[in-house]
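See structure below.
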Amino acid sequence: MKSLAVVFMVIALTQCQSIIDCKFEYNLCGWTAESPWTIADRTFVPSPLNLSPMTLIGDGAFITAQGHFGSNSTADLISPVMAPTETHNVLSFKYTKTIGDANLQIMLKEGTNYRNLDHISTNILAFWIRRSLVVPRTGQPYQIVFRVSKLRTGFDFISIDDVMLRRSGKPVLTADEDLLSESSAVSVYQKFGSEESLIWTQSGITLAGWNRIRLPM
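Numbered per mature numbering (1 follows the signal peptide of the UniProt record, and there is no 0), the sequence shown spans residues -16 to -1, 1 to 201.
Spelled out as structure tokens, the structure:
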């Protein structure tokens, strides 16, 4: 039963289709960027250890927002408008936030309504962390919004790259009849800070999956 569950999840993932696939290679791929969001192939960020500034580079170009005197303290990076979807989607992206007070909200915009999907405020001494989250079904055209805030000085920055939104022909959380029973249970637990994993039990056996996939708030 355990091997059946793993094979089932792999099949669901391989059937995903990309709605968005943007690496910001010197163009915005249809996204709208408010200042100070800008495309760069490198940026200089202060060291958290008060040493010489660090040079942040990526796999080619990326998009970054960094504060400076007189800069906007809040700025949006907004995707193109996408058609309504009857299935859950998976949004994934890479980001860097090593120092400063900048926050990043990831939101779903439907018309004039915003829904918060995720929030990043913790500094991590590592470059280009991959983060994934579930985007719920929508009843009308929608957009993905990355909103950075608290940009006050050069210490406050966030960089993003390799944004993908994948659509599956099946719901993100699916199971065949053999996996549905009164003895089955699903729960979410915290792991590595704010990253989440799904844990479920089947006939007393504990299984894990969807590591580092965030569920909507």
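For glycine and all other residues, C-beta sits at the position ideal for the given N, C-alpha and C. These numbers come from a predicted model, not from an experiment.
What's the call for residue i, buried or exposed, on a 16-neighbour Cβ count within 10 Å?
i           : result
residue 126 : buried
residue 8   : buried
What is the DSSP secondary structure of residue i, reduced to helix, strand or coil?
i           : result
residue 80  : strand
residue 121 : coil
residue 101 : strand
residue 93  : strand
residue 114 : strand
residue 44  : strand
residue 149 : strand
residue 107 : coil
residue 63  : coil
residue 143 : strand
residue 36  : coil
residue 2   : strand
residue 49  : strand
Excluding the 5 residues flanking residue i on each side, which residues of the same chain have their C-beta closer than 8 angstroms to its C-beta?
i           : result
residue 129 : 60, 61, 62, 63, 89, 90, 91, 92, 93, 98
residue 19  : 55, 56, 59
residue 113 : 78, 79, 80
State the start and end residues of the unbroken beta strand (DSSP E) segment that holds residue i.
i           : result
residue 26  : 22 to 29
residue 12  : That residue, residue 12, is in no beta strand (DSSP E); it is neither H nor E in DSSP.
residue 57  : That residue, residue 57, is in no beta strand (DSSP E); it is neither H nor E in DSSP.
residue 133 : 127 to 133
Got a sec? Which residues, its chain only, sit under 7 angstroms from residue i by beta carbon, not counting five neighbours each side?
i           : result
residue 31  : 37, 38
residue 4   : 63, 147, 148, 149
residue 139 : 30, 83, 84
residue 67  : 125
residue 108 : 81, 82
What residues in its chain sit with their C-beta under 6 angstroms from that of residue i, if we drop five residues either side in the sequence?
i           : result
residue 27  : 40, 48
residue 24  : 48
residue 133 : 58, 87
residue 6   : 13, 147
Looking only at C-alpha atoms, which of the options sits nearest to residue i?
i           : options          : result
residue 46  : 139, 22, 17      : 22
residue 16  : 29, 65, 123      : 65
residue 84  : 20, 8, 50        : 50
residue 144 : 67, 96, 109, 42  : 42
residue 110 : 124, 142, 136    : 142
residue 69  : 10, 2, 108       : 2
residue 44  : 11, 124, 136     : 11
residue 136 : 29, 67, 53, 35   : 53
residue 96  : 67, 124, 35, 138 : 124
residue 203 : 33, 151, 131     : In the structure as shown, the chain starts at -16 and stops at 201, and residue 203 therefore has no counterpart that could be examined.
At a cut-off of 7 angstroms, is residue i close to the ligand MN when judged by its beta-carbon and the heavy atoms of the ligand?
i           : result
residue 128 : Judged by which ligands are present, the structure shown has none, so any question about the ligand MN falls away.
Checking contacts by CB at 8 angstroms: is residue i closer than that to chain C?
i           : result
residue 121 : This model lacks chain C altogether, as it is built from one protein chain only.
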